[in-house]
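Participant: Numbering (our numbering), first residue to last: 8 to 448.
Beta carbons are placed, not taken as given, at the ideal position from N, Cα and C, and that holds for glycine.
Note that the structure is a prediction, hence the values are computed from the model and not measured.
Take this structure first; my questions come after.
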């Protein structure tokens with residue numbers, strides 16, 4: 008696994024970094040400048056001090072150097088003058104570009120994907136998170152071994168600390184493939200364990216609500232506000248990697264399970280999406296998504312689109328969503344009014360102050376109710392299974408009317424569709440008895 012920049016900062020001062028971007032094709036300069044603002048935040052999160060910034064416009068990237076040769080020489084001179092130790096590019100570099108840039112600039116070079124992977128490596132706390140990050144790093148590294156040149160000296164735990172050299176290329180590849188296979192087996196075990204947990208929740212018919220959104224939109228702060236928890240929240244990017252699940256009691260006394268998930272980012276590395284599939288399945292299988300947006304961010308529309316792209320990658324774009332504009336205490340009343348007018352049923356909240364959270368809970372309640380059906384069910388009070396199902400009905404549904412007589416109870420209620428389907432499947436699996444009625448669960 009590549010050595011973490013964040014780990015290095017404990018043994019040395021902040022590294023002086025330069026960031027570089029290229030405006031080409033449909034990417035205009037103002038778009039690249041905004042992306043470099045985000046890259047600056049990523050570099051700071053990784054433990055660097057950004058002291059230099061460079062943007063070039065050209066029709067297409069150079070196959071050899073990404074930038075033009077003249078711009079590369081100018082950047083090298085500027086890095087020498089500013090004492091830059093590390094250059095981070097805002098696009099994914101090919102192995103040849105990476106090697107040539109390190110030779111031309113005379114210092115270490117990272118691309119956006121490597122930087123994001125490094126931050127994830129520093130943030131992962133649980134064994135599961137560490138496995139997922141290592142898998143993503145190795146998947147990124149494997150196709151780049153042949154052209155990485157001196158970058159091979161940055162290999163660390165899990166692969167060894169061998170320096171550059173083509174003589175060990177096949178050995179490196181074999182070891183990485185073996186490690187990837189082992190990581191996938193361990194993560195398959197994690198996925199199976201998570202699937203069993205989800206099956207237990209489905210058996211109890213507890214609706215699940217997942218918080219999704221761009222990194223640093225305030226998901227964890229909102230999670231804490233709604234669940235009355237004290238999960239670590241931070242303004243740093245990707246502060247949450249390991250999912251958290253807590254119950255939330257709705258006004259009608261029903262409960263839902265709320266999960267806090269990893270934040271998304273524009274151009275989230277595909278290797279990371281694939282490696283975190285075990286975690287992101289919690290999003291794909293939720294009953295409702297709360298899409299949290301930083302209302303005060305000038306590029307909030309672009310960030311909404313970026314999150315929708317990632318949701319599409321994990322096959323969750325079609326799930327019911329409630330758009331939640333957070334940090335509304337940082338925007339003026341005119342902007343809040345505009346959001347309410349243009350976004351329909353979106354919520355405008357502040358996780359910090361509690362503004363609008365009661366209205367958000369009402370939105371969640373209505374959205375959960377849309378997953379319900381109004382039915383009339385008959386229960387045999389002498390049957391233990393029916394008594395358990397009746398208790399579950401009161402726990403997870405909203406009872407509208409109950410009529411009891413002759414050992415039977417008829418209940419009209421709004422019940423989660425999953426619970427009805429589950430009961431009917433159980434009834435179909437039992438041998439029908441003379442006392443079982445057509446409306447019985």
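1) Three-state secondary structure (DSSP) at residue 31?
2) Exposed or buried, what is residue 401 when buried is set at 16 or more other beta-carbons lying within 10 Å of its beta-carbon?
3) Check whether the stretch 308-315 and the stretch 342-352 touch, using three or more Cβ-Cβ pairs below 8 Å as the test.
4) Could you tell me which of 194, 73, 230 and 299 sits nearest to residue 118, measuring between CA atoms?
5) With a threshold of 8 Å, are at least 3 pairs of Cβ atoms found where one atom belongs to the stretch 70-87 and the other to the stretch 102-113?
6) May I have the straight-line CA-CA distance separating residue 144 from residue 390, to the nearest angstrom?
7) Among residues of its own chain, excluding the 5 on either side of residue 115, which ones have a beta-carbon nearer than 6 Å to its beta-carbon?
8) If we ignore side chains and look at the alpha-carbon of each, how far apart do residue 251 and residue 82 end up?
9) Taking C-alpha atoms, which residue in 381, 76 and 132 lies nearest to residue 408?
10) Buried or exposed: where does residue 44 fall if 16 or more other Cβ atoms within 10 Å of its Cβ makes it buried?
11) Taking the C-alpha atoms as reference points, what is the distance between residue 360 and residue 267?
12) Considering only DSSP beta bridges, list what residue 221 is partnered with.
13) I'd like the span of the beta strand (DSSP E) that includes residue 228, first residue to last.
14) Within the continuous alpha helix (DSSP H) that includes residue 367, where are the two ends?
15) Within this structure, are the beta carbons of residue 84 and residue 58 separated by less than 8 Å?
16) Going straight from the alpha carbon of residue 260 to that of residue 35, what length do you get?
17) What are the partner residues of residue 412, as DSSP defines its beta bridges?
18) Given that a residue counts as buried once 16 or more other Cβ atoms are within 10 Å of its Cβ, and exposed if not, what is residue 258?
19) With three or more C-beta pairs closer than 8 Å as the rule, is the stretch 286-302 touching the stretch 213-232?
20) Could you tell me the distance, in whole angstroms, from the CA atom of residue 228 to the CA atom of residue 370?
21) Just the C-alpha distance for residue 320 and residue 296, rounded to the nearest angstrom, thanks.
22) Let me check one thing: in DSSP terms, what residues is residue 252 bridge-paired to?
23) State the Cα-Cα distance for the pair residue 54 and residue 20, rounded to the nearest angstrom.
24) How is the alpha helix (DSSP H) around residue 128 delimited, first residue to last?
25) Taking C-alpha atoms, which residue in 38, 22, 141 and 40 lies nearest to residue 50?
26) If we count Cβ pairs, one from each stretch, closer than 8 Å, do we get three or more for the stretch 372-381 versus the stretch 409-422?
27) If we ignore side chains and look at the alpha-carbon of each, how far apart do residue 76 and residue 95 end up?
28) So, do the stretch 129-146 and the stretch 278-287 have three or more beta carbon pairs nearer to each other than 8 Å?
29) Could you work out which residue in 404, 336, 107 and 328 is closest to residue 80 when comparing CA atoms only?
30) Please name the residue or residues paired with residue 26 in a DSSP beta bridge.
31) Name the residue from 97, 293 and 112 whose alpha carbon lies nearest to the alpha carbon of residue 88.
32) Three-state secondary structure (DSSP) at residue 20?
Facilitator: Let me spell this out:
1) In the chain shown, the residue the question calls residue 31 occupies position 24. Of the three classes helix, strand and coil, the one that applies to residue 31 here is coil, per DSSP.
2) On the chain shown, residue 401 is found 394 positions in, with the first residue counted as 1. When all chains shown are included, residue 401 counts as exposed.
3) Judged by pairs of C-beta atoms under 8 Å, the stretch 308-315 does not touch the stretch 342-352, as fewer than three such pairs exist.
4) Along the chain shown, read from residue 1 onward, the residue named residue 118 stands at position 111. The candidate whose alpha carbon is nearest that of residue 118 is 73.
5) Result yes; three or more Cβ-Cβ pairs closer than 8 Å.
6) In the chain shown, the residue the question calls residue 144 occupies position 137. In the chain shown, the residue the question calls residue 390 occupies position 383. Cα to Cα, the separation comes out at about 55 Å.
7) Indexing the chain shown from 1 puts residue 115 at position 108. The residues are 93.
8) If you number the chain shown from 1, residue 251 lands on position 244. If you number the chain shown from 1, residue 82 lands on position 75. Roughly 44 Å separates the two Cα atoms.
9) The sequence position of residue 408 within the chain shown is 401, counting from 1. The option with the nearest alpha carbon to residue 408 is 381.
10) What you label residue 44 is simply residue 37 of the chain shown in a count that begins at 1. Residue environment for residue 44: exposed (fewer than 16 other C-beta atoms within 10 angstroms of its C-beta).
11) Numbered from 1 along the chain shown, position 353 holds the residue referred to as residue 360. Numbered from 1 along the chain shown, position 260 holds the residue referred to as residue 267. Each residue's alpha carbon lies about 19 Å from the other.
12) Along the chain shown, read from residue 1 onward, the residue named residue 221 stands at position 214. Under DSSP, the beta-bridge partners assigned to residue 221 are 271.
13) Here residue 228 refers to the residue found at position 221 of the chain shown. Unbroken run through residue 228 is the alpha helix (DSSP H), 226-234; no beta strand (DSSP E).
14) Numbered from its first residue, the chain shown carries residue 367 at position 360. Where residue 367 is concerned, the enclosing alpha helix (DSSP H) stretches over 364-376.
15) Position 77 of the chain shown holds residue 84. Position 51 of the chain shown holds residue 58. For the 8 Å CB-CB criterion, residue 84 and residue 58 do not form a contact.
16) Within the chain shown, numbered from 1, the residue matching residue 260 stands at position 253. Within the chain shown, numbered from 1, the residue matching residue 35 stands at position 28. Roughly 52 Å between the two C-alpha positions.
17) Position 405 of the chain shown, counting from 1, holds the residue named residue 412. The beta-bridge partner set that DSSP reports for residue 412 consists of 415.
18) Taking the first residue of the chain shown as 1, we reach residue 258 at position 251. Residue 258 is exposed by the Cβ-count criterion.
19) Counting C-beta pairs with one atom in each stretch, the stretch 213-232 and the stretch 286-302 have three or more that are closer than 8 Å, which means they touch.
20) Looking up residue 228 in the chain shown gives position 221. Looking up residue 370 in the chain shown gives position 363. Pairing residue 228 with residue 370, the inter-Cα distance amounts to about 18 Å.
21) Along the chain shown, one-based indexing puts residue 320 at 313. Along the chain shown, one-based indexing puts residue 296 at 289. Roughly 15 Å between the two C-alpha positions.
22) The residue you call residue 252 lines up with position 245 of the chain shown. Bridge partners of residue 252: 266.
23) Translated into positions along the chain shown, residue 54 becomes position 47. Translated into positions along the chain shown, residue 20 becomes position 13. Pairing residue 54 with residue 20, the inter-Cα distance amounts to about 9 Å.
24) Here residue 128 is taken as the residue at index 121 of the chain shown, counted from 1. Note, residue 128: alpha helix (DSSP H), 119-130.
25) Walking along the chain shown from the start, residue 50 turns up at place 43. The option with the nearest alpha carbon to residue 50 is 22.
26) Segments in contact, yes.
27) Residue mapping note: residue 76 aligns to position 69 of the chain shown, counting from 1. Residue mapping note: residue 95 aligns to position 88 of the chain shown, counting from 1. Looking at the two C-alpha atoms, the distance is approximately 17 Å.
28) Remark: three or more beta-carbon pairs, one from each stretch, lie closer than 8 Å, so the stretch 129-146 and the stretch 278-287 are flagged as touching.
29) Taking the first residue of the chain shown as position 1, residue 80 is located at position 73. Taking only the C-alpha atoms, the option nearest residue 80 is 107.
30) For the purposes of this step, residue 26 is taken as the residue at position 19 of the chain shown. Bridge partners of residue 26 according to DSSP: 60 and 95.
31) Stepping through the chain shown from its first residue, residue 88 is reached at position 81. Proximity to residue 88 across 97, 293 and 112 peaks at 112, based on C-alpha coordinates.
32) Locating residue 20 in the chain shown gives position 13, where the first residue counts as 1. Of the three classes helix, strand and coil, the one that applies to residue 20 here is coil, per DSSP.
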